Amino acid sequence: GIFDVSHMGRLYFTGKDTLPFLQHVLTNNTMALDIGESQYTLIQNEEGGAIDDAYLYRFKPDEYLLVVNASNREKDVLHLEKHLNQFEDIKMIDKSFEVAMISLQGPLSKSIIGQIVTKGNLPEPARNNLSIVDINGVETCLARTGYTGEPLGFEFFIENEHAVFIWDLLMEKGAVPIGLGARDTLRLEACLPLYGHELGVDHEGDEIPLFASKLSKFAVSFSSLKGNFIGKDALYRQYLAFKSIIHQKFDNISHLSRVVMPLAITGKGIAREGYRVFSKDKHVGYITSGTMIPFQEPEGSGLNSEFKKKQKRRAVALALIDSRILEGDILEIEIRKKRCESIVVPYHMSSEAPPFVRSIPHDQLSLTKKTTEDGNYPELARKLVSKALKNHTWRQKECINLIPSEMSQSYLSRLLSISDPVNRYAEHKEIKAFFGEDVFYYQGTRFIQEIELLLNKEFQTFLGCRNIESRIVSGQMANTAFFSALVDFLNRADRKNEQRRISKIINNHIIKGGHLSAQPMGALRDFVARDPKTEKAAVINFPVLKDNPYKIDIKACEAIIREHQPELVILGKSMILHKEPVAQIRRFVDEFAPDCIVMYDMAHVLGLYGSHFQEPLKEGAHIVTGSTHKTFFGTQRGVIASDFNEEDLEYGLWEAVQRRTFPGSVSNHHLGTMTGLLFSAYEMNHFKDDYQKAVISNAKAFAAALKEQGLSVAGDPDISYTETHQVILNVGYGKGAKTASGLEENNIIVNYQATPVEEGFTASGALRMGVSEMTRFGMKEKEFQVLAGLMADYMKNGSPIKDEVKNLRNQFLDMQFCFNETDVEDLVLSLFDALK
């Protein structure tokens with residue numbers, strides 16, 4: 001949908017005092033805005049109410065654009081002019097009648113814009129990002145913003161003389177014009193506040209507190225960088241009341257006695273602005289916005305759901321009501337002197353699954369999965385064994401597995417993993433009083449003690465390092481334990497005060513392939529500090545090459561490391577096609593941030609460690625973490641490694657790693673899988689050279705074959721698209737999940753993946769594939785070329801290929817690069833009997 005929103009006010013600010021001025025007159029932290037970013041904000045009064053709500057954009061280094069509501073523009077200008085006199089070097093220019101503003105919103109908006117941009121790039125795929133592009137010679141400021149709640153939406157800022165041209169061009173490419181009335185139904189469903197309704201003055205003539213609205217309260221910053229801004233004291237009192245409400249302590253909420261909440265109308269009627277709201281006959285507030293909205297129900301579930309063509313309608317509202325009312329409470333609305341029932345809901349829709357908004361009717365807020373199992377436990381036990389057998393046969397004998405994060409174990413490794421240590425405990429700790437000897441807390445542990453020592457020795461051999469922590473039971477836990485250890489190490493001189501977190505971290509952004517466990521939403525959450533400037537986690541993302549977003553821009557890293565002085569740099573990705581620039585990053589760190597620790601999370605590529613790929617500990621990484629079951633041979637565990645000497649200052653960090661592993665992360669460290677992993681480590685160290693060469697060779701051949709079939713392979717063709725086990729195949733925006741599902745129906749198991757230009761996994765437009773497991777089952781370049789042909793036949797022509805896939809897999813059932821059970825047949829039979 002395309003909206004003409006040129007009626008809104010556009011105020012431009014320049015001058016050295018622009019930043020302090022905006023910090024003073026707006027609620028949000030303007031300093032948090034980098035070039036190419038925007039933020040929702042408010043123009044507030046001294047009482048903590050809204051003069052207007054607004055959006056602040058920073059397209060250029062020395063200029064800020066403030067977009068305000070059309071009806072408030074003149075009032076806003078007078079208010080802002082009144083405060084301009086307090087600042088020397090600042091200029092405000094009202095360009096509301098010189099610059100047009102067009103909004104393009106909805107799931108097809110990105111593809112439409114992609115057809116008309118002639119130079120430049122779309123903003124990075126996250127809300128509030130900006131870019132400047134050229135459209136047939138017209139400079140266009142482009143923002144990922146909008147007033148609809150759509151996960152995909154853009155707003156254009158262009159000079160008036162070009163507005164009709166841009167409008168017509170968008171229409172020509174399929175945009176449909178939509179009126180502001182329809183737009184209002186979208187903002188209401190998205191629970192976005194509107195001045196004069198959820199902001200401003202209420203129906204009793206009182207100022208509506210900014211903290212009354214879910215969105216507007218997030219636009220208020222109390223950062224020390226803002227200083228003493230307008231309305232600070234009043235807003236802080238609202239904030240304290242808000243905290244009390246969150247904790248359901250309602251004895252001190254006079255500064256926030258009413259809040260705006262969404263209501264779903266369950267009775268017959270439409271709630272309109274000004275209608276009174278009751279709770280058990282007590283008047284508790286007013287409707288601020290209400291209407292009947294159209295929506296489409298999905299057919300199917302999850303990523304495979306599609307919208308039904310037939311529209312339905314439902315009545316929704318926003319209401320300013322007593323702060324003591326909770327979600328789920330039943331309220332009544334007075335409509336034409338009759339009472340209509342409603343329910344308080346947390347939201348009316350969700351935009352967390354781009355490219356579509358999903359309407360959430362009140363009776364579908366939480367769907368529970370139903371099972372048909374009864375309580376006949378002997379029969380249930382039999383069913384479970386039968387289903388497990390069927391699944392095992394399907395995955396191990398009939399499917400071609402290309403999930404890059406999976407690896408089947410050898411038969412003997414699996415057998416050893418369920419041998420007796422699987423049921424036992426063997427906690428232990430190094431005791432200095434016993435000259436550093438490990439003391440075990442349990443008896444009967446001699447065997448597993450030997451297993452752990454031998455496993456550490458094999459990893460030392462494999463990684464060429466001194467220090468191994470193998471008690472970790474997953475790659476995610478390896479990262480968590482290390483982050484915890486680093487915090488412990490950073491606070492080693494102060495054990496009395498609250499521990500400070502890691503002050504600044506550089507990592508790979510998740511949408512650029514970074515590991516989830518290396519993100520603030522993942523394992524970093526409790527260990528990274530908040531940046532006082534951005535008021536977000538103090539994480540800077542590696543820049544990537546413009547022509548290859550899968551590769552770090554090494555030149556740009558020098559300035560970033562010099563400026564930000566990180567305490568931790570995290571290399572490694574879950575979508576990894578290239579070697580990571582360990583040596584170059586370490587060189588920058590040594591020069592500009594010598595106390596920084598360089599870590600490489602090798603979760604996906606641990607099994608490729610060596611001369612055929614890279615050796616990070618030799619190249620300069622201080623710490624390597626990894627999963628032992630992706631390119632390594634299994635079992636599913638984790639590992640932490642370093643090469644510190646005991647004389648090194650950083651050896652104290654290694655000791656912290658050991659402490660934060662036990663007792664910090666594990667108690668029982670899964671002794672069965674440790675036994676199986678030792679056997680796998682023997683296999684890896686024995687077959688490593690041939691296996692690694694075969695994996696990388698197969699990946700390159702597979703990528704080249706897919707390209708020859710006319711498919712879109714990501715990466716650098718000069719290196720045959722990949723240097724690892726992974727191959728990335730572009731299949732079209734939002735088509736990743738559906739393509740992966742179709743391939744699964746044909747017995748090819750792949751991983752749908754969002755690329756660096758997509759908004760999230762639900763909008764995935766690629767397949768992430770790995771050749772490591774099928775290489776281990778004996779497939780070579782020729783077979784991967786055959787597989788590429790089969791995939792192309794299905795993806796291009798829709799041809800069923802299940803039988804051909806099963807036939808291909810049937811040729812590769814015996815695992816390679818492993819010790820054969822026939823080599824120790826007598827022992828295997830005895831062990832198998834002993835396990836019964």
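Residues 1 to 836 (the working numbering) are what the sequence shown spells out, left to right.
Using N, Cα and C, we set each Cβ at its ideal position, and we do this for glycine too.
As the structure is a computational prediction, the values presented were derived from the model and not from experiment.
1) Quick one: what's P40 bridged to in DSSP?
2) So, helix, strand or coil for M791, using DSSP?
3) Excluding sequence positions up to five away, which residues of its chain have a Cβ less than 6 Å from the Cβ of F250?
4) Verify whether the separation of the beta carbon atoms of I132 and F13 is less than 8 Å.
5) In this structure, how does DSSP classify L524 when only helix, strand and coil are distinguished?
6) Under DSSP, the beta strand (DSSP E) around N507 begins and ends at which residues?
7) Using a threshold of 8 Å, state whether the C-beta atoms of P361 and R314 are closer than that.
8) Tell me whether F97 is buried or exposed, calling it buried when 16 or more other Cβ atoms sit within 10 Å of its Cβ.
9) H428 to I561, Cα distance in whole Å?
10) From this set, G1, D4, I2 and L835, which residue's C-alpha is nearest D420's C-alpha?
11) Helix, strand or coil: how does DSSP classify H612 here?
12) Tell me P294's beta-bridge partners as DSSP assigns them.
13) Which of the three DSSP states, helix, strand or coil, is assigned to V589?
14) From the DSSP secondary-structure annotation, give me the bridge partner or partners of D553.
15) Where do the N-terminal and C-terminal ends of the alpha helix (DSSP H) with F832 fall, by residue?
16) In chain order, what residues of the same chain have a beta carbon less than 6 Å from the beta carbon of S408, not counting five sequence neighbours either side?
17) Alpha carbon to alpha carbon, how far is P532 from V837? Give it in angstroms, no decimals.
18) Relative to the C-alpha of D94, which residue among R659, L66, S103 and F542 is closest?
19) If I measure Cβ to Cβ from M779 and keep anything under 6 Å in the same chain, skipping five residues before and after, which residues do I get?
20) Straight-line CA distance for N228 to D17?
21) Let me make sure I understand the geometry here. Which of E744, N746, A763 and E745 has the alpha-carbon closest to that of Q753?
22) Let me know the secondary structure DSSP gives M575 once reduced to three states.
23) Which same chain residues, not among the five before or five after I253, have their C-beta less than 7 Å away from its C-beta?
24) Please determine whether the Cβ atom of A701 lies at a distance below 7 Å from any heavy atom of the ligand HEM.
25) With a threshold of 16 other CB atoms inside 10 Å of the CB of N467, please say whether the residue is buried or exposed.
26) Give me the Cα-Cα distance between M101 and G9, rounded to the nearest whole angstrom.
27) So what does DSSP say about L767, is it helix, strand or coil?
28) Find out if the Cβ-Cβ distance for the pair T148, I135 is shorter than 8 Å.
29) Distance, Cα to Cα, A493 vs R500?
30) Applying the criterion that 16 or more other CB atoms from any shown protein chain within 10 Å of the CB defines a buried residue, is L829 buried or exposed?
31) Out of V385, I585 and A593, which has the shortest C-alpha to C-alpha gap to L617?
32) Let me make sure I understand the geometry here. Which of G49, L130, I640 and P193 has the alpha-carbon closest to that of G205?
33) Label V201 either buried or exposed according to how many other C-beta atoms from any shown protein chain fall within 10 Å of its C-beta, with 16 as the threshold for buried.
34) Using C-beta distances below 8 Å, list every residue in its chain close to N508, excluding the 5 sequence neighbours before and after it, in chain order.
35) Thinking Q248 and L210 are a contact (beta carbons under 8 Å), I'd like their distance in whole angstroms, please.
36) Suppose only complete runs of 4+ residues qualify. What are the alpha helix (DSSP H) ranges in the region 199-227, listed by chain order?
Once the coordinates are examined:
1) The sequence given here has Tyr at residue 40, not Pro. Y55.
2) Looking at M791 - three-state DSSP - the assignment turns out to be helix.
3) Here the set comprises R324.
4) If you check the CB distance, I132 and F13 do not come in under 8 Å.
5) Coil.
6) I505 to N507
7) yes
8) exposed
9) 40 Å
10) L835
11) coil
12) Per DSSP, R313.
13) helix
14) Paired residue(s): none; D553 is not in a bridge.
15) E825 to L835
16) E773
17) Not covered by the structure: residue 837. The range shown for the chain is 1 to 836.
18) L66
19) F812
20) 16 Å
21) For the residues E744, N746, A763 and E745, the minimum Cα distance to Q753 belongs to A763.
22) coil
23) A241, S244, I245 and S323
24) Questions concerning the ligand HEM fall outside what the structure shown contains, since it holds no ligand whatsoever.
25) buried
26) 10 Å
27) strand
28) no
29) Across the structure, A493 and R500 are spaced so that their CA atoms are roughly 12 Å apart.
30) Within a 10 Å sphere around the beta-carbon of L829 sit fewer than 16 other beta-carbons, which makes this residue exposed.
31) The option with the nearest alpha carbon to L617 is I585.
32) G49
33) exposed
34) G514, H515, A518, N541, F542, I552, I570, L571, G572 and K573
35) The Cβ separation is near 21 Å, so there is no contact.
36) 214-217
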